[in-house]
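Here is the structure we will look at, set down as structure tokens.
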Amino acid sequence: MVVKTLTINDRLISARESETILEAARDADIHIPTLCHLEGVSDIGACRLCLVEIAGSSQLQPACVTKVAEGMEIQTNSERLQKYRRMIIEMLFAEGNHICAVCVANGNCELQDLAVEMGMDSVSLTYQFPQRTVDLSHERFGIDHNRCVLCTRCVRVCDEIEGAHTWDMAGRGHSSHVITDLNQPWGTADSCTSCGKCLMACPTGAIFSQGSTVGEMSKERSKLEFITIARKKGEWVSR
Amino acid sequence: MNKLKLATVWLGGCSGCHMSFLDLDEWLIDLAAKVELVYSPLADIKEYPEGVDLVLVEGAVANEDNLELIKKVRDRSSILVSFGDCAVTGNVTAMRNPVGEPESFLQRCYLEAADIQNQIPHEPGIVPTLLDRVLPVHHIVDVDVYLPGCPPNADRIRAALEMLLRGEVSRLTGESIRFG
Ligand code: SF4
Ligand code: SF4
Ligand code: SF4
Ligand code: FES
Numbered sequence: 001m002v003v004k005t006l007t008i009n010d011r012l013i014s015a016r017e018s019e020t021i022l023e024a025a026r027d028a029d030i031h032i033p034t035l036c037h038l039e040g041v042s043d044i045g046a047c048r049l050c051l052v053e054i055a056g057s058s059q060l061q062p063a064c065v066t067k068v069a070e071g072m073e074i075q076t077n078s079e080r081l082q083k084y085r086r087m088i089i090e091m092l093f094a095e096g097n098h099i100c101a102v103c104v105a106n107g108n109c110e111l112q113d114l115a116v117e118m119g120m121d122s123v124s125l126t127y128q129f130p131q132r133t134v135d136l137s138h139e140r141f142g143i144d145h146n147r148c149v150l151c152t153r154c155v156r157v158c159d160e161i162e163g164a165h166t167w168d169m170a171g172r173g174h175s176s177h178v179i180t181d182l183n184q185p186w187g188t189a190d191s192c193t194s195c196g197k198c199l200m201a202c203p204t205g206a207i208f209s210q211g212s213t214v215g216e217m218s219k220e221r222s223k224l225e226f227i228t229i230a231r232k233k234g235e236w237v238s239r
Numbered sequence: 001m002n003k004l005k006l007a008t009v010w011l012g013g014c015s016g017c018h019m020s021f022l023d024l025d026e027w028l029i030d031l032a033a034k035v036e037l038v039y040s041p042l043a044d045i046k047e048y049p050e051g052v053d054l055v056l057v058e059g060a061v062a063n064e065d066n067l068e069l070i071k072k073v074r075d076r077s078s079i080l081v082s083f084g085d086c087a088v089t090g091n092v093t094a095m096r097n098p099v100g101e102p103e104s105f106l107q108r109c110y111l112e113a114a115d116i117q118n119q120i121p122h123e124p125g126i127v128p129t130l131l132d133r134v135l136p137v138h139h140i141v142d143v144d145v146y147l148p149g150c151p152p153n154a155d156r157i158r159a160a161l162e163m164l165l166r167g168e169v170s171r172l173t174g175e176s177i178r179f180g
């Protein structure tokens, strides 16, 4: 095991060579906000919330997909980063239709938590008010695209952990959205095993259990963590 | 001692923020000792006065009456607080926006979805004309302090008012800015 020494927020830490900046920071109890990162599935660096400053480079790097290196000097919470993060959260709120007061995830939502963390008391950008759909065709679950932040955590967990690959992305730019099977109603997607992993992985109120009302949809992330971390640690018996 | 002139305004909201204001219970008595209520849906005053020190604005800007009033409120008040999620984000009031022009959602709500007496309300001079889009208050006029929540609970309102009564005008942070 090769160990690298680096500093995060002027604190000297050591990390395994294979670790990302995010993993090294978390091992050292240094908080870096994330949204598309989900413990136990691959990282894609999509949401940019975990951006950090690395001395000697003018470009910001996403901590979840950047590996540590010897002598790296990292800042995780500069004023510039705080400004960008708030802007990202504002963009996510302005781009969808987030009406927390009537949302199943109110009070249990990672996006809402991030807004509080970033001090977002209002959104300065123009709200887009897009026309998006709700799919209630699955007998146990539903998806409300108005609240989807396109993090693809559902896509990755369904593919990498459940092995079903029911979810995928379709469309570009403004019209990007997640789809089930061949862009058909979720209830008719044969590949879905109804395991509920996407529901647990979804950071917002986009994927929910049918029949849950305002604020009732608390995600059982611990169950998902149990499964993904057991896999990471090789606790599953391979055949 | 000159009492601080306080106003509260009700635009496109459900009045829940005002109900929550009344939830301040006995603290309202302390508040009454410090302020003079110069305009409010809770008081019978017809015209928004000049020289208001502090105003709480509930609701989004949804129709022409709201639009006219909010401009007057801004002109005549020193500190304007966007009070509750409808004022801050548009919230439930703005749920009509994705449906499109007023004509389409009026048709949807009052004709298609109605069970009895299906008709679109039309009383010029009484029922104000709807704006094409519902907008948060700060998209029309400058806002000094945002107090989110649907509704902001009494503790939040009290904390914000206590800050403002001390003469501090700063952004709220932490749990007191959680939407919903
Ligand atoms: S998904 Fe989260 S941010 Fe969006 S409306 Fe629901 S609680 Fe609010
Ligand atoms: S319920 Fe399971 S199989 Fe179905 S889409 Fe979600 S993760 Fe995939
Ligand atoms: S449905 Fe949920 S998990 Fe899937 S992309 Fe949207 S927000 Fe992310
Ligand atoms: S958590 Fe790193 S880019 Fe989303």
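Chains A and B are the protein sequences, given in the same order. Per my numbering, the first sequence starts with residue 1, numbered consecutively. Per my numbering, the second sequence starts with residue 1, numbered consecutively. Yeah, the Cβ is synthetic: ideal placement off N, Cα and C, and Gly gets one too. All values derive from a computational prediction rather than experimental measurement.
Query, Result
"Other residues of its chain near L92 (chain A): CB distance less than 7 Å, five sequence neighbours each side excluded", "L111 and V149"
"With 16 other Cβ atoms within 10 Å as the buried cut-off, status of C36 (chain A)", "buried"
"Rounded separation between R74 (chain B) and S40 (chain B) - CA only", "15 Å"
"Touching by the beta-carbon criterion (3+ pairs, under 8 Å), the stretch 70-82 of chain A and the stretch 142-149 of chain B", "no"
"For G142 (chain A), the first and last residue of its enclosing beta strand (DSSP E)", "F141 to D144"
"Check: K219 (chain A) C-beta below 7 Å from any heavy atom of ligand 2", "no"
"For L218 (chain A), the three-state DSSP class (helix, strand or coil)", "In the sequence as presented, Leu is not what sits at residue 218 (chain A); that position holds Ser. Residue state, collapsed to three classes: coil."
"Alpha-carbon to alpha-carbon, K72 (chain B) and S78 (chain B)", "12 Å"
"Min CB distance G39 (chain B) to chain A below 8 Å", "Sequence check: residue 39 (chain B) is Tyr here, not Gly. Closer than 8 Å: no."
"is_contact[D23 (chain B), chain A] using C-beta, thresh 8 Å", "no"
"C-beta neighbour in chain A for H122 (chain B), strict 8 Å", "no"
"For review: beta carbons within less than 7 Å of any heavy atom in ligand 4", "A:L22, A:T34, A:L35, A:C36, A:H37, A:D43, A:G45, A:A46, A:C47, A:R48, A:L49, A:C50, A:P62, A:A63, A:C64 and A:V65"
"Residue list, Cβ distance to ligand 1 heavy atoms smaller than 5 Å", "A:H98, A:C100, A:C103, A:A105, A:N106, A:C109, A:L111, A:Q112, A:R147, A:T204 and A:G205"
"Interface partners of N106 (chain A) on chain B, CB under 7 Å", "G180"
"G12 (chain B) in three-state terms, based on DSSP", "strand"
"Proximity to A105 (chain A) [Cα-Cα], best of B:I29, B:F179 and B:L28", "B:F179"
"8 Å Cβ cutoff met for L56 (chain B) and T8 (chain B)", "yes"
"Beta-carbon proximity list for V65 (chain A), same chain, < 6 Å, skipping 5 on both sides", "D43 and G45"
"Pairwise C-alpha distance: L147 (chain B) and A113 (chain B)", "34 Å"
"Where the beta strand (DSSP E) containing N63 (chain B) begins and where it ends", "V61 to N63"
"Any C-beta of chain D under 8 Å from that of A94 (chain B)", "Annotation note: the requested chain D is absent from the structure, which comprises protein chains A and B."
"Proximity to P203 (chain A) [Cα-Cα], best of A:S212, A:K219 and A:V214", "A:K219"
"Sub-8 Å separation of G12 (chain B) and A43 (chain B) beta-carbons", "no"
"Beta-carbon proximity of C17 (chain B) to P121 (chain B), cut-off 8 Å", "no"
"Contacts of F208 (chain A) in chain B (Cβ-Cβ under 9 Å)", "Going along chain B, no residue has its Cβ under 9 Å from F208 (chain A), so there is no contact; the nearest lies around 15 Å."
"Secondary structure, beta strand (DSSP E): runs of 3+ residues fully inside the stretch 141-173 of chain A", "141-144 and 167-170"
"Status (buried if at least 16 other CB within 10 Å, exposed otherwise) for L161 (chain B)", "buried"
"C-beta neighbour in chain B for P130 (chain A), strict 8 Å", "yes"
"Cβ-based neighbour list, D25 (chain B), same chain, cut-off 8 Å, excluding 5 preceding and 5 following", "A154"
"Alpha carbon of H138 (chain B) to alpha carbon of A55 (chain A), nearest angstrom", "38 Å"
"Contact set between I99 (chain A) and chain B, taken where Cβ atoms lie within less than 7 Å", "N91, V92 and M95"
"Contacts around V35 (chain B), its chain only, beta-carbon distance under 6 Å, and the 5 residues preceding and following it disregarded", "K3, L4 and L6"
"M217 (chain A) at chain B interface by Cβ criterion, 8 Å", "no"
"Chain B within 8 Å of C148 (chain A), Cβ atoms only", "no"
"A7 (chain B) - partner residues in DSSP beta bridges", "B:Y39 and B:V55"
"Bounding residues of the alpha helix (DSSP H) (the contiguous stretch that carries K197 (chain A))", "K197 to A201"
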